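In this note's numbering, the protein residues as written are 67 to 307.
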């Protein structure tokens, strides 16, 4: 059964169940305090916004996203996939991101994926369906499932803030790799998405800064998720996030 985080009540109920499953998180939740449900628009606009914000600061991502959304009325996958690349490039998009959003638009147009219905899948299958799209890596897929669709079991193991919060919360010797953190999070199914919310809240408390900048907002004032910095050299070919 797939659980969703559509309301604050859903989040509270999920947290209660999570803490019963893993008592180690009880003191973590106590220190994190109350935290809000974070949601964003779903569908093609939502996934495009996350892709366009990859490897950029919150401010830079917001500027490009606002230009992109303003260039199409309505913002539709067919309009984007048929748009000239030079038009998209003038909006500040890189060639890789242009290809990504065009390929995503093509996949949606041809019925290869339903970006809303994918949330009804089991978390791992939904993750795999999204990462099969050009330009959509593990982090992007999990952030989309969690924040845009409210999938309660989506877990961005590659997020640096979640990793660091888990290190401190669980008294680990070093920050866990995505693979190790994913194994740790197995104990949190089917509430891994709640655990991610908890880790971000805990990170904010212990580090005194947000690990990911996401807020409730309208489409026009929608702030972008701050993507974790990658250690790869700039000259390397960008990998999917």
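Glycine included, each C-beta is placed from N, C-alpha and C at the ideal position.
Please read all numbers here as calculations on a predicted model, not as lab measurements.
Which of helix, strand or coil DSSP assigns to residue i
i: residue 135; result: helix
i: residue 263; result: helix
i: residue 70; result: strand
i: residue 181; result: coil
i: residue 142; result: coil
i: residue 200; result: coil
i: residue 296; result: Reliability of the predicted coordinates at residue 296 is poor, the pLDDT of 39 falling under 50, and no value is obtained from them.
Which listed residue (the options) has its alpha carbon closest to that of residue i
i: residue 97; options: 241, 173, 231; result: 231
i: residue 204; options: 174, 245, 122, 156; result: 245
i: residue 261; options: 273, 238, 272, 217; result: 217
i: residue 254; options: 201, 90, 270, 72; result: 90
i: residue 141; options: 88, 269, 107, 94; result: 107
Exposed unless 16 or more other CB atoms sit within 10 angstroms - verdict on residue i
i: residue 222; result: buried
i: residue 92; result: exposed
i: residue 243; result: exposed
i: residue 112; result: buried
i: residue 151; result: exposed
i: residue 224; result: buried
i: residue 75; result: exposed
i: residue 73; result: exposed
i: residue 265; result: buried
Cβ separation of residue i and residue j, assumed to be a contact under 8 Å, to the nearest whole Å
i: residue 199; j: residue 259; result: Incorrect: roughly 20 Å between the Cβ atoms, too far for contact.
i: residue 189; j: residue 219; result: 4 Å
i: residue 77; j: residue 95; result: About 12 Å separates the two Cβ atoms, so there is no contact after all.
i: residue 185; j: residue 192; result: 6 Å
i: residue 116; j: residue 268; result: At roughly 23 Å, the Cβ-Cβ gap does not stay under 8 Å, so residue 116 and residue 268 are not in contact.
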